[in-house]
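Q: Position in the sequence shown counted from 1, then plus 54, gives you this note's numbering.
Don't be surprised by glycine CBs; every beta carbon is placed ideally from N, CA and C.
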Amino acid sequence: MGFLNDSFKKIIDKIKGKKYIKQQDIEAIMEDIRLSFIEADVNYEVIAKFNHLIQQKTLNQQVINKLESQEQVVKIIKDTLVEILGIQNTPLQLNNSFNTILLIGLQGSGKTTTVGKLSFLINKKYKKKVLIIAADIYRFGAIEQLIHIGKQINIEVFFQKNESVLNIVRNGLQHAMYNGFETVLIDTAGRLSIEKTMIEEIRQIKNITNPSETLIVVDSLLGQQSVNIVQSFHQQLNATGVILTKMDADIKGGVALSIKYMTQLPIKFISSSEKHNDDNFEIFYPERIVSRLLNMGDLLTLIENVEDKINNEQDKKTLNSLFKKDYNYYDLEKQLKLLKQMGSMKKFLQFIPGLSSKIKNMPILEQDILKRFQAIIN
Numbered sequence: 055m056g057f058l059n060d061s062f063k064k065i066i067d068k069i070k071g072k073k074y075i076k077q078q079d080i081e082a083i084m085e086d087i088r089l090s091f092i093e094a095d096v097n098y099e100v101i102a103k104f105n106h107l108i109q110q111k112t113l114n115q116q117v118i119n120k121l122e123s124q125e126q127v128v129k130i131i132k133d134t135l136v137e138i139l140g141i142q143n144t145p146l147q148l149n150n151s152f153n154t155i156l157l158i159g160l161q162g163s164g165k166t167t168t169v170g171k172l173s174f175l176i177n178k179k180y181k182k183k184v185l186i187i188a189a190d191i192y193r194f195g196a197i198e199q200l201i202h203i204g205k206q207i208n209i210e211v212f213f214q215k216n217e218s219v220l221n222i223v224r225n226g227l228q229h230a231m232y233n234g235f236e237t238v239l240i241d242t243a244g245r246l247s248i249e250k251t252m253i254e255e256i257r258q259i260k261n262i263t264n265p266s267e268t269l270i271v272v273d274s275l276l277g278q279q280s281v282n283i284v285q286s287f288h289q290q291l292n293a294t295g296v297i298l299t300k301m302d303a304d305i306k307g308g309v310a311l312s313i314k315y316m317t318q319l320p321i322k323f324i325s326s327s328e329k330h331n332d333d334n335f336e337i338f339y340p341e342r343i344v345s346r347l348l349n350m351g352d353l354l355t356l357i358e359n360v361e362d363k364i365n366n367e368q369d370k371k372t373l374n375s376l377f378k379k380d381y382n383y384y385d386l387e388k389q390l391k392l393l394k395q396m397g398s399m400k401k402f403l404q405f406i407p408g409l410s411s412k413i414k415n416m417p418i419l420e421q422d423i424l425k426r427f428q429a430i431i432n
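1) Classify LEU353 as helix, strand or coil using the three-state DSSP reduction.
2) According to the Cβ coordinates, are GLN161 and LEU246 closer than 8 Å?
3) From LEU185 to LYS300, what distance separates their C-alpha atoms?
4) Below 7 Å CB to CB, which residues in the same chain sit around ILE65 once its five sequence neighbours on both sides are set aside?
5) Is the beta carbon of GLN77 less than 8 Å from the beta carbon of SER266?
6) Using a 10 Å radius around the Cβ and a threshold of 16 neighbouring Cβ atoms, would you call GLY226 buried or exposed?
7) Below 8 Å, can you find three or more Cβ-Cβ pairs linking the stretch 284-299 to the stretch 318-325?
8) Is DSSP giving ILE83 helix, strand or coil here?
9) Alpha carbons only, please: which of LYS68, ILE141 and THR251 is nearest the one belonging to PHE338?
10) Terminal residues of the continuous alpha helix (DSSP H) containing ALA310?
11) Would you report the Cα separation of ILE209 and LYS250, rounded to the nearest angstrom?
12) Along the chain, which unbroken stretches of the alpha helix (DSSP H) at least 4 residues long are found entirely within the stretch 117-183?
13) Identify whether GLY226 lies in helix, strand or coil by the three-state DSSP scheme.
14) Is ILE321 near the ligand ADP, judged by its Cβ being under 7 Å from some heavy atom?
15) Nearest to HIS288 by CA position, among ALA102, PHE104 and ILE270, is which residue?
16) For the stretch 213-226 and the stretch 157-171, state whether three or more C-beta atom pairs, one from each stretch, are separated by less than 8 Å.
17) Output needed for ASN253: all residues of its chain with C-beta closer than 6 Å, excluding positions within five of it in sequence on either side, in chain order.
18) For my contact list, ILE240 and LEU156 are in at a C-beta cut-off of 8 Å; report their separation, rounded to the angstrom.
19) Please classify GLY244: is it buried, with 16 or more other beta-carbons within 10 angstroms of its beta-carbon, or exposed?
20) Relative to the C-alpha of THR144, which candidate in GLU341, THR355, TYR384 and ARG346 has its C-alpha closest?
21) Taking 8 Å as the cut-off, does the stretch 308-315 touch the stretch 97-109 (at least 3 CB pairs, one atom from each stretch)?
22) Quick check: what's the CA-CA separation for ILE69 versus ILE176?
23) If you measure from the beta carbon of PHE213 to each beta carbon in chain D, is any gap under 8 Å?
24) Suppose you measure from the CA of TYR192 to the CA of GLY164; what does that come to, to the nearest Å?
25) Figure out for me which residue from GLN126, GLY204, ILE203 and ALA196 has the closest Cα to the Cα of LYS215.
26) Could you tell me the boundaries of the alpha helix (DSSP H) in which GLY204 lies?
27) How long is the line joining the alpha carbons of TYR180 and HIS229, rounded to whole angstroms?
28) Does ASP67 come out as helix, strand or coil in the three-state DSSP assignment?
29) Write down the C-beta distance between GLU236 and LYS182 rounded to the nearest angstrom, noting that I regard them as a contact closer than 8 Å.
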């Protein structure tokens with residue numbers, strides 16, 4: 055989601071090497087960032103707030119005409135973006151022995167896929183026994199889609215045919231309690247627009263379940279419209295957070311700034327592709343996301359991902375064999391296999407400082423190329 059990658063580099067290049075930063079330099083930087091924000095579909099109120107905060111901080115900290123001003127300007131921009139997105143991430147509320155999470159959103163937002171991804175994460179990261187309740191009885195194929203997802207990730211899906219939504223939810227909760235499930239995710243029905251019947255049904259589900267989380271799933275590609283969708287849902291249903299989907303489109307990363315500032319709801323997760331794995335569904339850490347936006351990389355997430363993938367002694371030995379004096383083709387083949395299990399190389403390289411803006415034009419070692427290398431070795 056690095057919509058500032060290229061423009062930020064150009065902005066900093068303009069003041070690179072300057073001994074002193076003048077007021078007109080700050081104004082030029084702000085104008086360039088403003089244009090980048092507009093291109094990324096950031097709300098105008100957010101842009102105005104950002105400009106105001108930057109002006110305040112540069113004047114208060116007397117950045118003008120100081121030798122280390124370039125570094126200070128970069129820090130101020132980063133800190134201000136983090137301030138808008140939220141200083142810290144807001145963790146998922148899983149404090150009780152039994153937790154219910156309600157996912158709501160419009161049709162096409164990726165809600166059902168997100169239910170699967172979040173279930174997988176809760177089961178793997180938080181070690182909770184998870185049940186999914188299929189409460190969308192209206193969309194053709196919705197229950198079958200959820201059953202298929204459940205089989206892929208080894209999560210049980212509770213469903214009933216010829217029953218009302220409220221009865222399905224009640225029976226699903228009863229099934230969960232009797233069978234030792236610790237967390238229940240409910241896939242509610244989406245609609246093409248936010249309408250009274252949809253809101254009333256979700257309200258009744260909330261009354262039955264008393265959820266610890268009510269999460270709005272929204273398509274980031276909708277730009278400013280996504281802000282209106284989140285606001286409408288939140289005003290009527292008192293949501294606790296947002297999950298942004300389809301975040302693989304860099305130019306639309308600005309929607310995160312708009313949603314957080316305009317609704318004051320925390321963004322809890324971001325999601326990219328349809329696959330149900332850790333690479334495509336992330337906890338939203340504001341500071342890490344801002345680092346990526348500014349082409350500064352995200353080494354903490356990179357380290358966490360590598361540690362998660364390399365989880366046994368054999369994998370660690372394979373990785374360390376790179377430093378052997380007698381490194382050979384067999385070592386290379388083992389490392390290629392390890393790379394394959396780690397997922398998308400493009401995704402991993404985006405976390406490295408300075409590479410994010412160049413990644414689009416770089417030939418990446420993706421799965422098919424890794425297979426070819428293995429075939430050549432053999």
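A: Based on what the coordinates show:
1) helix
2) yes
3) 25 Å
4) ILE83, ASP86 and ILE87
5) no
6) buried
7) yes
8) helix
9) ILE141
10) 308-317
11) 32 Å
12) 123-139 and 165-179
13) helix
14) You won't find the ligand ADP in this model; it holds no ligand whatsoever.
15) ILE270
16) no
17) What sits at residue 253 in the sequence shown is Ile, not Asn. Same-chain partners within the cutoff: GLN290.
18) 5 Å
19) buried
20) GLU341
21) yes
22) 45 Å
23) You won't find chain D in this structure, because it holds only one protein chain.
24) 16 Å
25) ALA196
26) 196-207
27) 21 Å
28) helix
29) 4 Å
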